[in-house]
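So the protein sequences, as listed, match chains V and H.
Here the first sequence is numbered in this note's numbering, starting from 17 and rising by one per residue.
Here the second sequence is numbered in this note's numbering, starting from 393 and rising by one per residue.
Even glycine gets a Cβ: it sits at the ideal position worked out from N, Cα and C.
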Amino acid sequence: MTPPLRPLRWAVAAMASAAGLVLMAWASAAPLRYQPAGVARLRLSWTARPERIEVCRSASDEELERAEEHMRQRVVCDGRFATYALRVEADGRLLSESIVRGAGLRNDRPVYLLRDFDVTSGVHRVRVSFTRRERTDTVATNAAPSGRTGADTGLFAGRAEREADERRRRARGAIPARLVLDTTLTFAPGRVLVVTFDGDRRALEVLDGRAPSR
Amino acid sequence: MRLLERAARRALTVLDATATRLYGWTWNPVHQTGTVAAAMLLVLLATGLYLVLYYRVGSPAASVAAIAADPWVGSWMRTLHRYASDLFVVAALLHAFRMFAQSRSWGPRSLAWVSGLFLFGLGVICAWTGFVMAWDSFGERLGREGARLLDVLPVFSEPLSRIFAGDRPVPSAFFFVNLFVHIAVPLAMGVALWLHVSRVARPVLLPPKPLLWSIIGALTAASVILPAPLGAPANAFTLAPTTPTDVFVAWWLPLSERFAPGGVWVVALIAMVIGVMVPRVARKPREGALAPSVVDPRLCTGCNQCPQDCPWDAITMVKREDDRPALVARVDPERCVSCGICAGSCAPMGVGPPGRTGRDQLATVRSALEIAGVDGLPIVAICCEQAPAGQVAELRLRGAYVHPVSCVGNLHSSVIELFVRNGAPGVIVFGCPPRDCVSREGPKWLYERVFNDREAELQPRVDRRRVRIATLAPGDGGASIAALGAFVHDLAAMERPDRESDAALDMVCDSVSGEEAES
Numbered sequence: 017m018t019p020p021l022r023p024l025r026w027a028v029a030a031m032a033s034a035a036g037l038v039l040m041a042w043a044s045a046a047p048l049r050y051q052p053a054g055v056a057r058l059r060l061s062w063t064a065r066p067e068r069i070e071v072c073r074s075a076s077d078e079e080l081e082r083a084e085e086h087m088r089q090r091v092v093c094d095g096r097f098a099t100y101a102l103r104v105e106a107d108g109r110l111l112s113e114s115i116v117r118g119a120g121l122r123n124d125r126p127v128y129l130l131r132d133f134d135v136t137s138g139v140h141r142v143r144v145s146f147t148r149r150e151r152t153d154t155v156a157t158n159a160a161p162s163g164r165t166g167a168d169t170g171l172f173a174g175r176a177e178r179e180a181d182e183r184r185r186r187a188r189g190a191i192p193a194r195l196v197l198d199t200t201l202t203f204a205p206g207r208v209l210v211v212t213f214d215g216d217r218r219a220l221e222v223l224d225g226r227a228p229s230r
Numbered sequence: 393m394r395l396l397e398r399a400a401r402r403a404l405t406v407l408d409a410t411a412t413r414l415y416g417w418t419w420n421p422v423h424q425t426g427t428v429a430a431a432m433l434l435v436l437l438a439t440g441l442y443l444v445l446y447y448r449v450g451s452p453a454a455s456v457a458a459i460a461a462d463p464w465v466g467s468w469m470r471t472l473h474r475y476a477s478d479l480f481v482v483a484a485l486l487h488a489f490r491m492f493a494q495s496r497s498w499g500p501r502s503l504a505w506v507s508g509l510f511l512f513g514l515g516v517i518c519a520w521t522g523f524v525m526a527w528d529s530f531g532e533r534l535g536r537e538g539a540r541l542l543d544v545l546p547v548f549s550e551p552l553s554r555i556f557a558g559d560r561p562v563p564s565a566f567f568f569v570n571l572f573v574h575i576a577v578p579l580a581m582g583v584a585l586w587l588h589v590s591r592v593a594r595p596v597l598l599p600p601k602p603l604l605w606s607i608i609g610a611l612t613a614a615s616v617i618l619p620a621p622l623g624a625p626a627n628a629f630t631l632a633p634t635t636p637t638d639v640f641v642a643w644w645l646p647l648s649e650r651f652a653p654g655g656v657w658v659v660a661l662i663a664m665v666i667g668v669m670v671p672r673v674a675r676k677p678r679e680g681a682l683a684p685s686v687v688d689p690r691l692c693t694g695c696n697q698c699p700q701d702c703p704w705d706a707i708t709m710v711k712r713e714d715d716r717p718a719l720v721a722r723v724d725p726e727r728c729v730s731c732g733i734c735a736g737s738c739a740p741m742g743v744g745p746p747g748r749t750g751r752d753q754l755a756t757v758r759s760a761l762e763i764a765g766v767d768g769l770p771i772v773a774i775c776c777e778q779a780p781a782g783q784v785a786e787l788r789l790r791g792a793y794v795h796p797v798s799c800v801g802n803l804h805s806s807v808i809e810l811f812v813r814n815g816a817p818g819v820i821v822f823g824c825p826p827r828d829c830v831s832r833e834g835p836k837w838l839y840e841r842v843f844n845d846r847e848a849e850l851q852p853r854v855d856r857r858r859v860r861i862a863t864l865a866p867g868d869g870g871a872s873i874a875a876l877g878a879f880v881h882d883l884a885a886m887e888r889p890d891r892e893s894d895a896a897l898d899m900v901c902d903s904v905s906g907e908e909a910e911s
């Protein structure tokens with residue numbers, strides 16, 4: 017049932033197969049265009065906790081009495097997480113202006129920021145500002161009342177103090193109310209400069225990849 | 393949809409014919425697209441097992457570069473892994489196109505169609521993660537795009553895209569998860585493959601050995617001669633103007649990058665819905681030529697042959713409802729594709745699609761002979777209806793009396809005998825190439841019934857020299873004409889048979905009246 021292939025047909029079939037394989041090898045690694053040539057990129061990328069803006073007060077003895085023992089919290093705070101205004105300029109030209117909120121439906125997760133801006137290669141004056149939008153001069157932010165901790169007794173002794181410590185620690189870890197980077201950067205063609213938030217210095221800094229990321 | 397199907401059918405015929413002209417129908421890879429895709433999965437598994445031994449999630453780019461730099465094994469093994477994935481994509485797409493064009497995407501084949509789509513999708517995901525593993529510029533590009541698309545889904549608390557921002561090293565956990573997905577997805581593909589072939593009997597998963605080893609050999613040679621280049625190591629601080637992109641796996645990438653992730657998801661979802669809806673849109677009424685087989689319990693002897701021959705496992709033997717001791721065949725219409733192979737397998741002609749049972753075939757032949765006249769009947773060429781009309785016309789021009797059948801597997805051997813008894817000097821049956829039979833096993837069962845005494849066999853009284861089986865493939869018209877010529881030549885040395893009465897056939901094949909059956 018099997019018709020034999022004649023030598024000429026074999027040769028043609030072999031050549032067609034070889035051509036197909038060469039085509040496949042080329043298409044397997046075709047040099048497709050990815051990024052525009054000659055441009056550079058400014059990337060803003062950081063993760064940080066937004067500031068918690070709270071109004072705190074001391075609960076009265078009556079209020080504490082009404083609450084279950086495990087719910088007795090001397091300092092009661094209400095509040096929300098701060099939002100930030102991001103403004104990016106290059107050589108005085110506005111590249112972007114936006115409002116940044118913490119992630120999550122209640123915006124109580126950290127701020128995850130990632131923005132890319134294509135710029136022409138060369139030297140540019142770059143200004144990045146990240147400013148809290150909420151004013152706090154009218155509210156007693158993180159105002160943990162001192163004293164009266166003596167009311168915390170039993171299992172929960174010292175709770176108010178611990179909570180105050182926790183609030184202070186959170187405040188220290190949060191994004192400062194105002195972050196500004198105003199500097200002159202040299203963008204080489206095809207390079208990316210990354211502006212990120214240095215949590216230790218609590219300031220914006222520029223990374224140019226000299227320390228390889230991996 | 394019918395227009396689209398017809399256009400696809402025409403395109404497929406051209407493709408088939410071209411490949412047959414090049415390779416001959418026995419080596420035609422277009423007939424083997426499904427099995428080639430499955431074979432490539434095995435090649436991917438074998439080469440992947442080797443590669444994973446040398447892959448390090450802690451230093452992905454360096455470890456892949458080390459593999460690629462090994463000229464003895466690593467380089468071609470990695471390239472073979474890539475080329476096999478490319479061929480898998482091509483073969484799977486051609487296979488889907490073939491099934492659609494041949495109207496094999498609906499009804500009982502719906503599960504195979506839908507599971508095939510998922511199999512293909514999983515294959516692409518697996519390839520995607522595989523390229524990310526290499527962590528060169530192309531891997532980074534795919535990784536970034538994947539992260540961008542995933543970030544719009546409410547799944548991850550921190551956007552994945554930030555992993556690649558450059559303000560911190562890409563964590564090893566990312567590469568570990570990527571490797572895990574790359575290895576886990578093939579397991580899901582195994583399940584999908586099982587589903588894909590679960591509705592067919594005797595699924596054929598690999599091409600014929602000569603073709604299989606030829607393909608693997610050719611891919612290996614290409615891997616040695618043309619090793620796949622590795623892009624520059626991924627670097628978040630550089631903008632690669634181009635990437636060595638695998639267009640088989642990532643042809644959509646340049647398009648996807650231009651649009652918002654939400655839009656990409658919508659387009660992907662629409663494409664998926666259209667794909668899944670094909671069986672519904674392409675379906676045809678289950679009547680006429682597509683009506684499922686039926687069993688005449690009066691004729692069924694319970695021989696158990698039709699369940700063995702059915703390529704779709706659509707027939708089972710069940711207890712009879714009357715007082716006869718044997719079992720009776722039952723056709724599941726949900727699984728029957730109306731191929732009619734059961735009609736060819738049933739000696740007493742008690743099963744088959746309406747109008748195509750053995751008895752119906754004999755009746756059709758008798759009517760045809762009455763119309764054509766039986767004196768001086770020429771060589772009879774029984775041709776599958778799927779055969780190219782032009783090539784069938786060529787046979788007619790060369791003096792053959794052409795008798796069409798829906799599939800040569802549907803042909804009852806008594807039809808051949810009837811032609812010979814009516815004075816035909818010989819009967820040549822032209823089937824489709826065995827791996828291109830829309831009924832899957834038509835040519836195989838025909839050959840067994842005619843020459844190897846498989847049940848519903850051609851009776852010994854028929855001179856086998858007067859019967860021949862040949863193949864009629866698009867693009868290989870010369871071979872079919874040559875086969876006919878050779879048959880004519882061989883028959884010339886024989887005397888023309890006398891026309892006999894078909895009383896004996898009538899005795900066997902007359903329908904049984906109700907009273908007779910009851911008695």
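(request) Determine which residues of the segment 537 to 567 of chain H have a Cβ less than 8 Å from any Cβ of chain V, and write them out in chain order. (result) Of all residues in the segment 537 to 567 of chain H, only 549, 550, 551, 553, 554, 557, 558, 559, 560, 561 and 562 come within less than 8 Å of chain V when Cβ atoms are compared, listed by chain position.
(request) Using beta-carbon positions only, say whether residue 819(H) and residue 671(H) come within less than 8 Å of one another. (result) The sequence position of residue 819(H) within the second sequence is 427, counting from 1. The sequence position of residue 671(H) within the second sequence is 279, counting from 1. No, Cβ-Cβ distance for residue 819(H) and residue 671(H) is not below 8 Å.
(request) Starting from the beta carbon of residue 633(H), find every residue of chain V whose beta carbon is closer than 8 Å, and list them in chain order. (result) On the second sequence, residue 633(H) is found 241 positions in, with the first residue counted as 1. Taking the beta carbon of residue 633(H) as reference, the chain V residues within 8 Å of it are 49, 50, 51, 52, 53 and 206, listed in sequence order.
(request) Show which residues of chain V have a CB atom less than 8 Å away from the CB atom of residue 428(H). (result) Looking up residue 428(H) in the second sequence gives position 36. Near residue 428(H) there are no residues of chain V at all, since even the closest Cβ is about 13 Å away, more than 8 Å.
(message) Please report the straight-line C-alpha distance between residue 90(V) and residue 133(V), rounded to a whole angstrom.
(response) For the purposes of this step, residue 90(V) is taken as the residue at position 74 of the first sequence. For the purposes of this step, residue 133(V) is taken as the residue at position 117 of the first sequence. When rounded, the distance between both Cα atoms is 48 Å.
(request) Closer than 8 Å by C-beta to residue 68(V): which residues in its own chain qualify, once you throw out the five before and the five after it? Chain order, please. (result) Position 52 of the first sequence, counted from the start, is the residue given in the question as residue 68(V). Excluding sequence neighbours, residue 68(V) sits near 95, 96, 97, 98, 158, 183, 186, 187 and 190.
(message) Contact criterion: CB-CB distance below 8 Å. Does residue 510(H) meet it with respect to chain V?
(response) For this step, residue 510(H) is matched to residue 118 along the second sequence. No, its Cβ sits nowhere closer than 8 Å to a Cβ of chain V.
(message) Give me, in chain order, the residues of the same chain whose beta-carbon lies closer than 6 Å to that of residue 165(V); leave out the 5 immediate sequence neighbours on both sides.
(response) Counting from one through the first sequence, the residue named residue 165(V) turns up at place 149. With a pLDDT of only 48 at residue 165(V), under the threshold of 50, the placement of this residue in the model should not be trusted, and no figure is reported.
(message) Quick check on residue 35(V): does DSSP put it in helix, strand or coil?
(response) The residue labelled residue 35(V) in the question sits at position 19 within the first sequence. Correct three-state label for residue 35(V): helix.
(request) Determine whether the Cβ of residue 38(V) lies closer than 8 Å to any Cβ atom of chain H. (result) Here residue 38(V) refers to the residue found at position 22 of the first sequence. Taking Cβ atoms only, chain H reaches closer than 8 Å to residue 38(V), which makes this a yes.
(request) Report the three-state DSSP secondary structure of residue 804(H) (helix, strand or coil). (result) What you label residue 804(H) is simply residue 412 of the second sequence in a count that begins at 1. In the structure shown, residue 804(H) sits in coil (DSSP, three-state: anything other than H, G, I, E or B).
(message) Here's the rule I'm using: 16 or more other beta-carbon atoms within 10 Å means buried, otherwise exposed. How should residue 733(H) be labelled?
(response) Walking along the second sequence from the start, residue 733(H) turns up at place 341. That one is buried.
(message) Suppose you measure from the CA of residue 154(V) to the CA of residue 142(V); what does that come to, to the nearest Å?
(response) Here the question's residue 154(V) lines up with position 138 in the first sequence. Here the question's residue 142(V) lines up with position 126 in the first sequence. Any reading at residue 154(V) must be qualified, since the residue scores a pLDDT of 49, below 50, and its modelled position is unreliable; the value itself is stated next. Here the alpha carbon of residue 154(V) sits roughly 33 Å from the alpha carbon of residue 142(V).
(request) Give a yes or no on whether the minimum CB-CB distance between residue 708(H) and chain V is below 8 Å. (result) As a working note, residue 708(H) is residue 316 in the second sequence. Using beta-carbon distances, residue 708(H) does not count as an interface residue toward chain V, since no partner is under 8 Å.
(request) Go to residue 198(V), then tell me how far its beta strand (DSSP E) extends in each direction, as first and last residue. (result) Position 182 of the first sequence, counting from 1, holds the residue named residue 198(V). Counted as a single uninterrupted DSSP element, the beta strand (DSSP E) harbouring residue 198(V) occupies residues 194 to 203.
(request) Specify, as a first and last residue, the run of the beta strand (DSSP E) that residue 62(V) falls within. (result) The count along the first sequence starts at 1 and reaches residue 62(V) at position 46. 55 to 64 is the span of the beta strand (DSSP E), which, as asked, contains residue 62(V).
(request) For residue 884(H), count neighbouring Cβ atoms within 10 angstroms of its own Cβ and tell me buried if that reaches 16, exposed if not. (result) Against the second sequence, residue 884(H) aligns to sequence position 492. Residue 884(H) should be labelled exposed.
(message) Would residue 794(H) and residue 807(H) be called neighbours here (beta carbons separated by less than 8 Å)?
(response) Translated into the one-based positions of the second sequence, residue 794(H) becomes position 402. Translated into the one-based positions of the second sequence, residue 807(H) becomes position 415. For residue 794(H) and residue 807(H), no; Cβs fall outside 8 Å.
(message) Quick test of your reading: residue 401(H) and residue 484(H), contact by CB under 8 Å. State the CB separation rounded to the nearest angstrom.
(response) By one-based count along the second sequence, residue 401(H) stands at place 9. By one-based count along the second sequence, residue 484(H) stands at place 92. Going by Cβ atoms, the distance from residue 401(H) to residue 484(H) rounds to 19 Å, so no, they are not a contact pair.
(message) Check whether chain V comes within 8 Å of residue 894(H), counting only Cβ atoms and requiring the distance to be less than that.
(response) Position 502 of the second sequence, counted from the start, is the residue given in the question as residue 894(H). Only weak support exists for where residue 894(H) lies, its pLDDT of 48 falling under 50; the coordinates are left without a value.
(message) I want to see whether chain V comes within less than 8 Å of residue 860(H), judged by CB atoms only; does it?
(response) In the second sequence, counting from the first residue as 1, residue 860(H) sits at position 468. Judged by the 8 Å Cβ criterion, residue 860(H) is not in contact with chain V.
(message) Below 7 Å on C-beta distance, what does residue 130(V) contact in chain H?
(response) Against the first sequence, residue 130(V) aligns to sequence position 114. Residues of chain H passing the Cβ test: 551, 553, 554 and 557.
(request) Could you please give the first and the last residue of the uninterrupted beta strand (DSSP E) stretch that includes residue 71(V)? (result) Numbered from its first residue, the first sequence carries residue 71(V) at position 55. In this chain, the beta strand (DSSP E) harbouring residue 71(V) covers 68 to 74.
(request) State the Cα-Cα distance for the pair residue 202(V) and residue 221(V), rounded to the nearest angstrom. (result) Along the first sequence, one-based indexing puts residue 202(V) at 186. Along the first sequence, one-based indexing puts residue 221(V) at 205. Distance between the alpha carbons of residue 202(V) and residue 221(V): 14 Å.
(request) Would you kindly work out how many angstroms separate the C-alpha atoms of residue 160(V) and residue 83(V), rounded to a whole number? (result) To locate residue 160(V), count along the first sequence from 1; it is residue 144. To locate residue 83(V), count along the first sequence from 1; it is residue 67. Per-residue confidence for residue 160(V) stands at a pLDDT of 47, beneath the threshold of 50, marking its modelled position as unreliable; no derived number is given.
(request) Counting only the same chain and skipping the five closest in sequence on each side, list residues whose C-beta sits under 6 Å from that of residue 701(H). (result) For this step, residue 701(H) is matched to residue 309 along the second sequence. Closer than 6 Å at Cβ, skipping near neighbours: 733, 737 and 837.
(message) Rounded to the nearest angstrom, what separates residue 769(H) and residue 890(H) at their Cα positions?
(response) Here residue 769(H) corresponds to residue number 377 of the second sequence, with the count starting at 1. Here residue 890(H) corresponds to residue number 498 of the second sequence, with the count starting at 1. CA-CA distance, residue 769(H) to residue 890(H), rounds to 11 Å.
(message) Cβ closer than 7 Å: which chain H residues qualify as neighbours of residue 106(V)?
(response) Locating residue 106(V) in the first sequence gives position 90, counting from the first residue. Chain H residues near residue 106(V): none, gap ~17 Å exceeds 7 Å.
(message) Can you confirm whether residue 637(H), when its beta carbon is compared against all beta carbons of chain V, has any partner nearer than 8 Å?
(response) In the second sequence, counting from the first residue as 1, residue 637(H) sits at position 245. Taking Cβ atoms only, chain V reaches closer than 8 Å to residue 637(H), which makes this a yes.
(message) When you compare the CB of residue 407(H) with every CB in chain V, is at least one pair closer than 8 Å?
(response) In the second sequence, the residue the question calls residue 407(H) occupies position 15. At a cut-off of 8 Å between beta carbons, residue 407(H) makes no contact with chain V.
(message) Between the alpha carbons of residue 70(V) and residue 200(V), how many angstroms are there, rounded?
(response) In the first sequence, residue 70(V) corresponds to position 54, counting from 1. In the first sequence, residue 200(V) corresponds to position 184, counting from 1. One C-alpha to the other measures close to 37 Å.
(request) State whether the segment 633 to 645 of chain H contacts the segment 463 to 481 of chain H, with contact taken as three or more CB pairs (one from each stretch) at a distance under 8 Å. (result) Touching, per the Cβ criterion.
(message) Whole angstroms are fine: how far does the CA of residue 205(V) sit from the CA of residue 536(H)?
(response) In the second sequence, the residue the question calls residue 536(H) occupies position 144. In the first sequence, the residue the question calls residue 205(V) occupies position 189. The alpha-carbon atoms of residue 536(H) and residue 205(V) are separated by roughly 21 Å.
(message) Under 8 Å, Cβ to Cβ, is there at least one residue of chain V near residue 463(H)?
(response) For the purposes of this step, residue 463(H) is taken as the residue at position 71 of the second sequence. Taking Cβ atoms only, chain V never reaches closer than 8 Å to residue 463(H), which makes this a no.
(message) According to DSSP, simplified to helix, strand and coil, what is residue 164(V)?
(response) As a first step, residue 164(V) must be located in the first sequence, where it is residue number 148. Legend: pLDDT at residue 164(V) = 49, less than 50; position of this residue unreliable, value from coordinates given subsequently. Residue 164(V): coil per DSSP, three-state reduction.
(message) If distances are taken between C-alpha atoms only, which option among 181(V), 59(V) and 173(V) comes closest to residue 85(V)?
(response) Counting from one through the first sequence, the residue named residue 85(V) turns up at place 69. Nearest of 181(V), 59(V) and 173(V) to residue 85(V), Cα basis: 173(V).
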